[in-house]
DNA sequence: CAATCTCGAAAACGGTCGTTCTCCCACGAT
DNA sequence: ATCGTGGGAGAACGACCGTTTTCGAGATTG
């Protein structure tokens, strides 16, 4: 029983922590709120995560992995390299449309705690690096110049914050429009050079 | 004496509050830290701002006004409408290069407090709306389609967060490159339509 | 000089937070 | 039935935060 139950307890804790940390900000959520939301008593909570800091890090790491996995899963429903790039922005639109969307959890945690917690800053940076690497792979597969990667990153990041603050998913469409234009120009570049 | 000294006291408070709130995040900064940094005793501090919330709002409103004023001042050193648009990204590069740069104070405050404080959320939204309106004016003056505005907004916002998390001002250059491409395409659009 | 007022330094207060500890009950072994 | 044990609910603890109050020193006025 110990192994299996330990895992589900950890899941329940992380589920509650993620909903609360992402939805209200990290410092606005006390351990008591996580206890109430998860139904896991305080003692067990601290057995699984010896401090709030470690729980915050676990929340960010799990969200990092799942976010990139979900993105890749959506992109993988397309075949053409160009469509795969544009599919990133379709997925952003779906994400922005979810109820409770409140921007990128890593941008938010960096803004809130990046200056006081090195580990939070590091995790946010690692997450953004991983996202950039993923886009770089898509760009390489499409046979367009590598510099397109950084431009696509900016469109995606800008769409996240603009969608969060404006409360609308539309920025994803604008980002996709711009990405299509940049992709076309980059493709023309490589064709011209040939 | 009362008028003048009251103003300089308020300035000193706001200067200290801005440096601390922006540099460490709002909830990480206590009123005592602002007292120490400003040299203004607690009693006077609460005479000028009756609560921390009102001080936070005053910090954001002053930063909002100054940020847009400084941006416009830089843009105004250029004449050609296209150069004025691209100058926005040059100014971003200068801003990102400042020591202590830690991203957009409004994105940060929205991520930290947007869910718990309606006024902070409103001020962040108003700031981003004002920035968008400013870009829309530049776009209109350049005789390019209005839809370019939203694309430029995304590049600028994405550059802010990417520069903050990566710790490099380079995203401003990438954003400018992308903006130049999008501007050229938009211009070709309007010329073709004529 | 005495009475009054001003104002800054810091203590105090009520509340909350992260973390630990206590108490008590259910249950299993003998 | 009794003892021990594990675990859950929540009290307790120390620290800190936003805010108010106290207190004393120095300036001001008659």
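Protein chains in written order, with this note's numbering: chain A, 1 to 194; chain B, 1001 to 1194.
We put the CB at the ideal spot given by N, CA and C, even for glycine.
Residue 1089 of chain B sits in a helix when the DSSP states are folded into three classes.
By the neighbour-count criterion, in which a residue is buried when 16 or more other Cβ atoms sit within 10 angstroms of its Cβ, residue 105 of chain A is buried. For the pair residue 1154 of chain B and residue 174 of chain A, the CB atoms are nearer than the 8 angstroms cut-off.
Note on the region 1101 to 1133 of chain B: there is no whole beta strand (DSSP E) run with a minimum of 3 residues. Of the other Cβ atoms in all chains shown, 16 or more fall within 10 Å of the Cβ of residue 120 of chain A; this residue is therefore buried.
Take residue 1014 of chain B, set aside five residues on each side of it, and the residues of its chain with a beta-carbon closer than 7 angstroms to its own are 1058, 1059, 1062, in chain order. Within chain A, 25 have C-beta atoms less than 7 angstroms from the C-beta of residue 1113 of chain B, given in sequence order. Excluding residues up to 5 positions away in sequence, 1169 lie with their Cβ nearer than 8 angstroms to the Cβ of residue 1097 of chain B in the same chain. Per the coordinates, the alpha-carbon of residue 191 of chain A lies some 10 angstroms from the alpha-carbon of residue 185 of chain A. Taking the CA atoms as reference points, residue 152 of chain A sits about 39 angstroms from residue 1030 of chain B. Neighbours of residue 1074 of chain B in chain A, taken as residues at a C-beta separation under 9 angstroms, are lacking, since the least C-beta distance is about 20 angstroms. Per DSSP, the unbroken alpha helix (DSSP H) holding residue 70 of chain A starts and ends at 52 to 75. Taking all protein chains in view, the Cβ of residue 1109 of chain B is crowded by 16 or more other Cβ atoms within 10 Å, so the residue is classified as buried. Residue burial is scored here from C-beta neighbours: residue 1076 of chain B has fewer than 16 other C-beta atoms within 10 angstroms and is therefore classed as exposed. Residue 1039 of chain B places its beta carbon less than 8 angstroms from that of residue 1012 of chain B. Taking a beta-carbon distance threshold of 8 angstroms, residue 1138 of chain B does not count as an interface residue toward chain A. Within chain B, the residues whose beta carbon sits less than 8 angstroms from that of residue 156 of chain A are 1158, listed in sequence order. Chain-order list of chain A residues neighbouring residue 1125 of chain B: 165, 166, 167, by C-beta distance under 9 angstroms.
Going by DSSP, residue 41 of chain A is part of no alpha helix (DSSP H) at all; its letter is neither H nor E.
Residue contact with chain A for residue 1028 of chain B: present (Cβ-Cβ distance below 8 angstroms to some residue of chain A). Closest option to residue 26 of chain A, judged by alpha-carbon separation, among A/32, A/113, A/36: A/113.
Residue contact with chain B for residue 185 of chain A: present (Cβ-Cβ distance below 8 angstroms to some residue of chain B). DSSP, read as helix, strand or coil, puts residue 26 of chain A in coil. Residue 84 of chain A counts as buried, since no fewer than 16 other beta carbons sit within 10 angstroms of its beta carbon. A residue is called buried when at least 16 other Cβ atoms come within 10 angstroms of its Cβ; residue 1054 of chain B does not meet this threshold and is exposed. Your pair residue 24 of chain A and residue 1124 of chain B does not check out as a contact, with CB atoms roughly 16 angstroms apart and the cut at 8 angstroms.
For a cut-off of 8 angstroms, the C-beta gap from residue 172 of chain A to residue 163 of chain A is around 7 angstroms, short enough to register as a contact.
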